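Peer 1: Sharing a structure here in structure tokens format.
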Amino acid sequence: MIKKEKRKFKFSPLGIYAILVYSFLYLPLVVVIIFSFSPTKTIYGLSGFTTKWYIRLFSDEALMRALIHSLQVSLTAIGIAVVIGTAGAFFLVRVNFPGKQFFRSLSQLPLILPGIILGIALLVLFINLGFKLSMLTILVGHVCFTTPVVMFQVASRLQRMPRSYEYAAKDLGANTIQTFWYVTLPMIRTAIIGGALMAFTMSFDEIVITYFLTGTWTTLPVFIYGMMRFGLSPQVYAISTVVLTFSLFLILLMGKFVTVRGEEVLR
Amino acid sequence: MNSIKDKRFEWEVELVGVTKVYKDTIAVNNSNIKIKPGEFFSLLGPSGCGKTTTLRIIAGLEDLDEGKVFLEGKDVTNVSAHRRNVNTVFQDYAIFPHMNVRNNVYFPLKMRKISREEADPKIKRVLKLVNLEAFEDRYSSQVSGGQRQRVALARALVNEPKVLLLDEPLGALDFKLRIAMQKVLKDIQRNLNITFIYVTHDQTEAITMSDRIAVMCEGVIHQIGTPDEIYNNPRTAFVASFIGEMNFLEGLVVSIPSSDTVEVSVSNKNILCKNNDQKISLNDGVLVSIRPEKVYVNPLRPLKNIVEAELSRIVFKGNNFEITAKFGELEVRSLVDCKSWDKFQKVGDRIKVGWNPEDVQVFPISMKKDMIQYE
Amino acid sequence: MNKSKGDFISEIFKKLSHNKGKKTVFDKPRAYITGIPIILWLLIIIITPVILMLIMSFRQKVGYDISYVLTLSNYLRILKKPLYFKIFLRSFRIALIASVLAIFAGYPLAYYISRKIRKGRNLLFMLIITPLWISYLVRIIAWRTILGNRGLINSALMALGLIKEPLSFLLYNQFAVAITLTYIAIPFVFIPLYTTLEKIPVSLIDAAKDLGANEFQTFINVIFPLSIPGLLTGFMLAFIVSLGDYIIPMQLGGTGGMMIGNIIWSQFGFAFNWPLGAALGFILFSIAAVVLAIVQKLGSREGMIYE
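Chains as they are written, first to last, in our numbering: chain A, 71 to 337; chain B, 17 to 391; chain C, 46 to 352.
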């Protein structure tokens with residue numbers, strides 16, 4: 071029998087540092103969760119345990135409305151993003167056109183630029199067009215950044231997909247639309263879903279651009295931001311925890327669809 | 017540190033009972049190898065046989081689970097790679113892409129804190145050895161595959177190691193280049209009198225270049241010997257099947273005339289065979305093996321073993337013909353060089369095939385499962 | 046041979062391309078259909094707004110209106126009044142500190158996970174990305190909680206009896222802004238760094254070890270130089286994100302921690318000077334574009350080609 075030496079666990083300083091950084095990243099979130107269960111309005115720490123703040127959330131009409139608004143905007147935005155973005159992905163990967171790098175950089179701009187610049191630019195656009203700030207303006211803002219998210223996710227998958235499948239389909243008698251529908255689309259489907267999920271998560275949480283483009287019609291983050299004006303109360307923590315949990319859920323879903331590669335997360 | 021006492025070591029590199037396990041496979045199974053100073057020693061075997069793992073264990077890049085490694089008589093089992101006096105030429109060359117050729121070659125000297133002025137002549141000398149003096153300023157993306165391989169070689173040699181480990185260094189090169197590089201490597205090894213430990217799956221390469229070869233399969237060393245021994249006196253059916261071309265016939269032992277011969281019944285013919293220390297008794301099933309070039313078609317001189325057969329196939333192989341002779345249900349291949357082949361022989365003719373008992377080996381039939389077989 | 050319209054357009058494209066004589070065949074116009082939505086999107090949502098913003102920056106606030114006369118007055122005002130320069134400088138500094146701190150946090154982590162861990166690597170990677178996807182706002186709330194007068198740190202210290210009054214210097218200043226920005230920036234630094242580090246072939250590390258380099262030497266001579274492209278990308282992302290942030294300075298900066306984002310925001314808020322805001326915004330945009338270009342240039346010069 072072969073005897074394997076037990077590998078000694080090395081307490082490397084790097085490992086300890088890693089644990090510290092992870093703690094730094096997660097402790098603040100844990101704090102929020104804990105404080106959401108505090109019965110007192112002040113945040114002097116945990117003096118009891120209650121879930122009453124969560125219950126109050128449900129009776130807060132304005133909050134519920136903001137929540138629904140968020141869902142409306144985000145779902146619509148990703149719907150549009152999927153269409154434009156998938157088409158764009160095909161354009162980027164399959165079509166041979168001049169200035170591709172420039173096109174690529176331009177498309178990435180909404181993701182890299184600080185949101186404030188996009189906010190200003192879109193605001194100015196709406197003023198010039200005479201639009202009042204409303205759901206439509208927020209929607210446009212969200213389409214602005216959701217589209218590249220989907221596009222680059224799909225483009226990445228498209229690039230890795232061998233074209234031989236499409237050639238085979240064409241060879242066997244399928245026209246362009248049939249090839250796309252029966253062969254290409256099923257293969258990029260998970261990329262589309264993954265991109266849409268990513269975009270949804272970003273859109274649901276978006277405050278920077280939205281705050282610029284919001285009138286009386288608010289989304290959830292804008293509403294929470296408004297709540298913060300009056301100081302931090304357990305109610306804020308409660309809704310924050312709910313948002314946290316929802317985000318986590320979305321991330322888990324994403325994990326199933328998105329192949330996590332550094333480049334894809336950022337672009 | 018080096019005292020006169022250390023000089024009196026027998027083996028440059030020695031592995032004693034080395035075993036390494038990966039999950040549930042035994043990558044290296046109780047290997048015992050002794051390599052002489054200045055020897056060109058090859059580890060030969062199919063992919064996955066553990067030859068690269070063995071090499072990495074010698075280099076210190078891989079831990080072992082059991083056993084010991086000795087370099088120049090000193091136990092280096094627990095010495096980490098960067099402190100062992102062996103250098104490796106990696107399969108993918110591993111040239112640092114962010115350094116030019118000169119800095120790549122300088123690297124090992126830099127690690128030993130040798131200044132640039134001192135190092136420069138060494139660098140130039142070793143680059144001259146591999147014929148790359150003009151390439152000092154190039155980066156790896158600016159040189160070809162063959163040149164990169166020579167950079168890797170130069171880099172591994174600049175420290176003047178006693179032992180050089182090479183992991184299939186010529187695998188990526190095309191045929192002609194490979195032949196040329198084989199000669200270069202052999203010359204360098206002989207001129208610098210370095211011990212080379214060379215991993216390859218290409219048996220021709222191993223046979224032409226090595227002083228001794230260890231033939232491995234699934235972690236086990238089947239045989240260590242000179243190319244001649246490996247080729248002409250294989251100790252297991254695996255070695256017989258892996259090296260060169262071989263005919264295998266199954267039969268039963270009918271008599272044991274002497275300590276080193278057996279008589280085997282093959283397709284109703286009794287053949288006299290050589291027995292190289294295989295444990296064989298009466299009525300055992302055995303594999304009879306003969307090299308095709310030792311099978312003679314219509315031999316002019318009388319041979320101890322002659323069989324009547326039918327010519328079933330003729331294949332032109334460039335410098336010779338491969339003739340397949342069928343008798344009973346068995347087939348035997350023979351290599352006949354073009355000059356001696358009678359062009360008027362055709363498929364279906366009756367021919368005689370024969371061989372000498374000294375050219376035949378027998379192996380117990382249990383070894384059949386280890387053989388390299390291609391369906 | 047009759048030249049079809051398609052050929053003619055293809056020829057124009059050919060001339061437009063700067064391919065230095067290389068023969069390229071651009072696709073027939075029909076293939077560009079898929080590009081229509083995205084090009085429209087680009088035009089309407091990206092290019093036009095930015096141009097309009099630029100134009101806005103040249104207009105002027107007159108009373109409650111914005112005149113249509115184009116002037117440079119906004120830019121001149123920005124250059125002349127020392128306030129703006131000061132705020133820009135401060136913003137740079139804070140963004141720089143946050144990015145550097147994020148690198149200090151993120152690099153060892155990326156190194157550790159990419160080179161030292163085999164099992165569970167993906168999980169650990171996801172754990173770093175997760176904060177990125179969890180609400181930005183919630184993370185800000187968290188830090189206000191920790192640093193506030195009645196927040197975590199103060200409550201803990203007071204409960205332990207170490208201090209009698211809450212430490213007020215924790216919040217509403219540059220320190221708070223910097224630390225929160227660092228917190229946000231860490232994943233941005235980590236991801237490109239991790240990607241780059243992970244791509245370094247193991248054989249290079251083996252070669253370094255084989256040739257006599259210990260762990261530290263291997264890092265300095267091989268790993269670090271090869272990680273520079275990822276490092277630069279991460280830094281750039283962290284820097285740009287930090288520079289343009291306005292919510293964090295507004296929530297945690299007080300007056301001492303004001304950044305350029307605050308100023309810009311107020312132009313669109315109560316100060317109601319949109320042209321000025323647009324001008325400031327355009328300057329910020331230019332800075333971001335320049336940083337981006339620099340990093341791309343640097344990154345490609347280091348361009349490593351792995352076998």
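The beta carbon of each residue, even a glycine, is placed where N, CA and C say it ideally should be.
All values reported here derive from a predicted model rather than from experimental measurement.
Tell me the DSSP secondary structure of M281/C in three-state form.
Peer 2: helix
Peer 1: Going by beta-carbon coordinates alone, are G322/C and I208/A separated by less than 8 Å?
Peer 2: I208/A is positioned such that its CB atom lies no closer than 8 Å to that of G322/C.
Peer 1: What's the C-alpha gap between I86/A and T227/C?
Peer 2: 20 Å
Peer 1: For M101/C, return the contacting residues in chain A, with the cut-off set at a CB-CB distance below 7 Å.
Peer 2: In chain order: V194.
Peer 1: Could you tell me which chain C residues have their CB closer than 7 Å to the CB of M127/B, listed as they occur along the chain?
Peer 2: Per Cβ cutoff of 7 Å: L256, G257, A258, Q262.
Peer 1: Output needed in chain order: residues of the region 280-302 of chain C with a Cβ under 8 Å from some Cβ in chain A.
Peer 2: Residues L282, I285, V286, L288, G289, D290, Y291, I292, Q296.
Peer 1: Measuring alpha carbon to alpha carbon, tell me which residue in V255/B, D227/B, L189/B, V179/B is nearest Q239/B.
Peer 2: V255/B
Peer 1: Note down the Cα distance separating I285/C from A143/C, rounded to an integer number of angstroms.
Peer 2: 11 Å
Peer 1: From the beta carbon of K164/C, is the nearest beta carbon of chain A less than 8 Å away?
Peer 2: Interface flag for K164/C against chain A is unset, since no Cβ pair is found closer than 8 Å.
Peer 1: Within 7 Å: the Cβ of S257/B and any heavy atom of the ligand GDP?
Peer 2: Annotation note on the ligand GDP: not contained in the displayed structure, which lists no ligands.
Peer 1: Under the assumption that D215/B contacts L182/B (Cβ atoms under 8 Å), give the Cβ distance between them as a whole number of angstroms.
Peer 2: For clarity, residue 215/B is Val in the given sequence; the question names Asp instead. Yes, V215/B and L182/B are in contact; Cβ-Cβ is about 7 Å, under 8 Å.
Peer 1: Which same chain residues end up closer than 6 Å to A147/C when comparing Cβ atoms and leaving out the 5 residues on each side of it in sequence?
Peer 2: Hits under 6 Å: T227, A230, I231, V234, A283.
Peer 1: Roughly how many angstroms separate the alpha carbons of S106/A and L192/C, rounded to a whole number?
Peer 2: 17 Å
Peer 1: How about T225/C and I293/C: do their beta carbons lie closer than 8 Å?
Peer 2: yes
Peer 1: Please name the residue, chosen from L125/B, N321/B, Y155/B, S328/B, that lies closest to N116/B on a Cα-to-Cα basis.
Peer 2: Out of L125/B, N321/B, Y155/B, S328/B, Y155/B has the C-alpha closest to the C-alpha of N116/B.
Peer 1: State buried or exposed for T311/A, treating a residue as buried only when at least 16 other CB atoms are found within 10 Å of its CB.
Peer 2: buried
Peer 1: Considering only the alpha carbon of each residue, which of S274/B, K202/B, S305/B lies closest to T252/B?
Peer 2: S305/B
Peer 1: Are V183/C and V313/A closer than 8 Å when you measure CB to CB?
Peer 2: yes
Peer 1: Specify the secondary structure class of K129/B as computed by DSSP and reduced to three states.
Peer 2: coil
Peer 1: Is V306/A near A266/A, with beta carbons less than 8 Å apart?
Peer 2: Cβ atoms of V306/A and A266/A: not closer than 8 Å.
Peer 1: For V102/B, report the span of its beta strand (DSSP E) as first-last.
Peer 2: 102-105
Peer 1: Hey, could you find the ends of the beta strand (DSSP E) W371/B is sitting in?
Peer 2: Looking at the DSSP string, the run of the beta strand (DSSP E) that includes W371/B is 366-371.
Peer 1: Using three-state DSSP, classify D130/A as helix, strand or coil.
Peer 2: coil
Peer 1: Would you say A252/C lies against chain B (beta-carbon separation less than 8 Å)?
Peer 2: So, interface residue.
Peer 1: List the residues of chain B that L249/C touches, going by C-beta distances under 7 Å, in chain order.
Peer 2: A110, F112
Peer 1: Taking the beta strand (DSSP E) that D241/A belongs to, which residues open and close that run?
Peer 2: Premise fails: D241/A lies in the alpha helix (DSSP H), 234-241, not in any beta strand (DSSP E).
Peer 1: Could you tell me the distance, in whole angstroms, from the CA atom of F327/A to the CA atom of I263/A?
Peer 2: 7 Å
Peer 1: Can N48/B and L31/B be called in contact, C-beta distance under 8 Å?
Peer 2: When the beta-carbon positions are compared, N48/B and L31/B come within less than 8 Å of each other.
Peer 1: With a threshold of 8 Å between beta-carbons, can V267/C be considered close to chain B, or not?
Peer 2: Cβ-Cβ to chain B under 8 Å: yes for V267/C.
Peer 1: Hey, could you find the ends of the beta strand (DSSP E) M232/B is sitting in?
Peer 2: Run containing M232/B: 228-233, per the beta strand (DSSP E) assignment.
Peer 1: Let's see if you can read the secondary structure: which residues bound the beta strand (DSSP E) around K290/B?
Peer 2: Start and end: 285-290.
Peer 1: Are I187/A and G289/C close, meaning C-beta to C-beta below 8 Å?
Peer 2: yes
Peer 1: For the beta strand (DSSP E) that contains V32/B, what are its first and last residues?
Peer 2: 29-38
Peer 1: Nearest chain A C-beta to V335/C closer than 8 Å, yes or no?
Peer 2: The beta carbon of V335/C sits no closer than 8 Å to any beta carbon of chain A.
Peer 1: Take K202/A and list the residues in its own chain whose beta-carbon comes closer than 7 Å to its own, dropping the five residues that flank it on each side.
Peer 2: G285
Peer 1: Within the continuous beta strand (DSSP E) that includes N94/B, where are the two ends?
Peer 2: Taken as a continuous stretch (DSSP letters only), N94/B belongs to no beta strand (DSSP E), as it is neither H nor E.
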